[in-house]
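Numbering of the sequence shown is given in my numbering, commencing with residue 503 and proceeding in unit increments.
For reference, the structure discussed in these notes is given below.
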Amino acid sequence: MSQVQAPVVTVDGPGGSGKGTVTQMLARELGWHLLDSGALYRLTALAAIRQGVALDDESALVDVAATLDVSFEPTPPGEPAKVILAGEDVTSEIRTEICGDNASRVAVMQPVRDALLQRQRDFRQAPGLVADGRDMGTVVFPDAPVKIFLTASAEERARRRYNQLKEAGVDVNMSALLEEIRVRDERDMNRSAAPLKPADDAQVIDSTGLSIKEVLDRCMAAVSQA
503 MSQVQAPVVT
513 VDGPGGSGKG
523 TVTQMLAREL
533 GWHLLDSGAL
543 YRLTALAAIR
553 QGVALDDESA
563 LVDVAATLDV
573 SFEPTPPGEP
583 AKVILAGEDV
593 TSEIRTEICG
603 DNASRVAVMQ
613 PVRDALLQRQ
623 RDFRQAPGLV
633 ADGRDMGTVV
643 FPDAPVKIFL
653 TASAEERARR
663 RYNQLKEAGV
673 DVNMSALLEE
683 IRVRDERDMN
693 RSAAPLKPAD
703 DAQVIDSTGL
713 SIKEVLDRCM
723 AAVSQA
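This is the structure we're talking about:
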């Protein structure tokens, strides 16, 4: 039997570019699986704690990462993808500050990163996969037939985040947000491991000034041309 791999659409880009919303809409439109790669370190930390694994026990954490029982389900526009861990909806729980801190503790361990790399590749199943992240097209699925790099100006991304936080009732400072985004961009683009950059064969879409529907239309056009 020939091992023809399921197609993948990778959507990479900085935070605030709209890639979370666009990947969900693409997955729903195509009827494909969804991968929110950014959630996996948080999920590894949460699963470890639930299984009684210490966050400094590297070999046990590798086992947790390699066997994560997780799936992602698209939700209505504007909402994060639904995250199901071992049959339970943990969407809110993995977004807590403590889960984020725990995730950063496990993310520094290279063997854990290696185990999660394979776990991400295991999401590649028929009929296809839409993968959201920062290194999906460059590292995780370098052979993906469609690669999209979604970006937007730092000012636009700060504005979106500002509005999001305001709607959630959070008091926030626009100039501080903009500075935070610029610092993060600088760090992400210049890190030694998997720096944030478009794959050589990626289609770069600047979402500044575009509606989500316009971005989705451009992504669907890229898929139909592949």
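Ideal placement from N, C-alpha and C gives every residue a C-beta, glycine not left out.
Contact check for residue 571 and residue 583: beta-carbon distance about 16 Å, past the 8 Å limit, so the pair fails to qualify.
Distance from the CA atom of residue 640 to the CA atom of residue 585, rounded to whole angstroms, is 24 Å.
Apart from the 5 residues on each side of it in sequence, residue 717 sits with its Cβ closer than 8 Å to the Cβ of 520, 524, 652, 707, 709 in its chain, given in chain order. DSSP lists 510, 535 as the bridge partner or partners of residue 631. The residue from 632, 688, 664 with its alpha-carbon nearest to that of residue 673 is 664. Here residue 613 is exposed. Its C-beta has fewer than 16 other C-beta atoms within 10 Å. Ranked by Cα distance from residue 704, the first of 712, 649, 721 is 649.
Annotation for residue 573: the continuous beta strand (DSSP E) segment containing it runs 572-575. Here residue 690 really is in contact with residue 636; their C-beta atoms are around 7 Å apart, less than 8 Å.
For the 7 Å CB-CB criterion, residue 511 and residue 632 form a contact.
Following the DSSP letters along the chain, one finds residue 622 in no beta strand (DSSP E) but inside the alpha helix (DSSP H) bounded by residues 612-623. For residue 585, the enclosing beta strand (DSSP E) has its first and last residue at 584-587. Its chain contains 535, 537, 631, 633 as the residues whose beta carbon lies nearer than 8 Å to that of residue 625, once the 5 sequence neighbours on both sides are disregarded; these appear in chain order.
With a beta-carbon spacing of about 18 Å, residue 620 and residue 547 fall beyond the 8 Å limit used to define contacts. Residue 699 sits in coil when the DSSP states are folded into three classes, being neither helix nor strand. When DSSP states are grouped into helix, strand and coil, residue 705 belongs to the strand group. Per DSSP, the beta-bridge partners of residue 648 are 511. Contact check for residue 702 against residue 516 fails: the beta carbons are separated by 7 Å or more. About 5 Å separates the beta carbons of residue 542 and residue 618, which is inside the 8 Å limit, making them a contact pair. At the C-beta level, residue 552 and residue 605 stay beyond 7 Å of one another.
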